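Participant: Shown below is the structure under consideration.
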Amino acid sequence: MQSRVVTGHDNRSRGMNMEAQAENLNVVCPHCHSTNRVPPRRLGESPICGACKGQLFEGHPVALSEADFDRQVQNSDIPVVVDFWAPWCGPCRAMAPSFERAARELEPHVRFAKVNTDEAGPLAVRFGIRGIPTVIIFKRGKEIARVSGAMDAARLVQWVRGNQ
Ligand SMILES: [Zn+2]
């Protein structure tokens with residue numbers, strides 16, 4: 224193995240991380256929640272899940288149960304935008320079409336997901352959801368931004384682009 228001239232250990236490890244990221248992204252299937260390795264340049268070419276053969280991106284939000292949540296949010300290399308909502312919540316229902324539109328616009332570089340807080344109460348407690356709708360952006364499982372209250376599609380897209 225040939226040795227390479229590097230300017231320092233920190234620079235080298237940072238460079239290697241960037242290479243690794245440029246090679247493949249972990250994309251979690253919205254159907255079976257398997258993690259797929261996808262080259263970034265192929266993201267826009269309708270990639271298919273290796274496990275269930277479903278489309279990895281269909282241009283609309285994926286409904287997450289408590290059981291699916293961590294697999295989808297922790298394993299994803301692309302940011303996951305989660306709408307915490309409930310069927311009885313008027314503003315949540317009003318925002319749903321905007322959330323759909325934002326998903327169509329920002330996939331495949333962002334994953335959109337919905338959590339019904341009536342069905343997944345423990346997730347609402349875990350993330351301290353006090354009012355709905357609340358939208359949280361997760362990057363590799365870590366919360367990086369949240370907004371409570373309904374947003375229209377334009378504002379949603381702008382907010383996600385500014386925080387990914
Ligand atoms: Zn799948």
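In the working numbering, the protein residues as written are 224 to 387. Don't be surprised by glycine CBs; every beta carbon is placed ideally from N, CA and C. Computed from a predicted structure; not experimentally measured.
Quick check: does the Cβ of His254 come within less than 6 Å of any heavy atom belonging to ligand 1?
Facilitator: Here residue 254 is taken as the residue at index 31 of the sequence shown, counted from 1. Checking every heavy atom of ligand 1 against the Cβ of His254, one is found closer than 6 Å.
Participant: With distances taken from CA atoms, which of Ala336, His332 and Pro310 is nearest Phe322?
Facilitator: By one-based count along the sequence shown, residue 322 stands at place 99. When each option's Cα is compared against that of Phe322, the closest is Ala336.
Participant: Around the Cβ of Gln295, are there at least 16 other Cβ atoms within 10 angstroms (buried) or fewer (exposed)?
Facilitator: Residue numbering aside, residue 295 sits at position 72 when the sequence shown is read from its first letter. Buried.
Participant: Any heavy atom of ligand 1 inside 6 Å of the beta-carbon of Ala274?
Facilitator: Taking the sequence shown and counting its residues from 1, the one referred to as residue 274 is at position 51. Yes, since a heavy atom of ligand 1 falls inside the 6 Å radius drawn around the Cβ of Ala274.
Participant: Comparing the CB of Gly277 with every heavy atom of ligand 1, is any distance shorter than 6 Å?
Facilitator: Position 54 of the sequence shown, counting from 1, holds the residue named residue 277. True, at least one ligand heavy atom lies under 6 Å from that Cβ.
Participant: Look up Val304 in the DSSP assignment and give the residues it is bridged to.
Facilitator: Sequence index remark: in the sequence shown, residue 304 carries index 81 (1-based). The partner list for Val304 (beta bridge, DSSP) reads Phe335 and Ile360.
Participant: Among all the DSSP beta bridges, which residues are the ones paired with Ala368?
Facilitator: Position 145 of the sequence shown, counting from 1, holds the residue named residue 368. Ala368 pairs with Ile360.
Participant: Return yes when the C-beta of Ser257 is under 6 Å from any heavy atom of ligand 1, and no when it is not.
Facilitator: If you number the sequence shown from 1, residue 257 lands on position 34. Indeed, a heavy atom of ligand 1 lies less than 6 Å from the Cβ.
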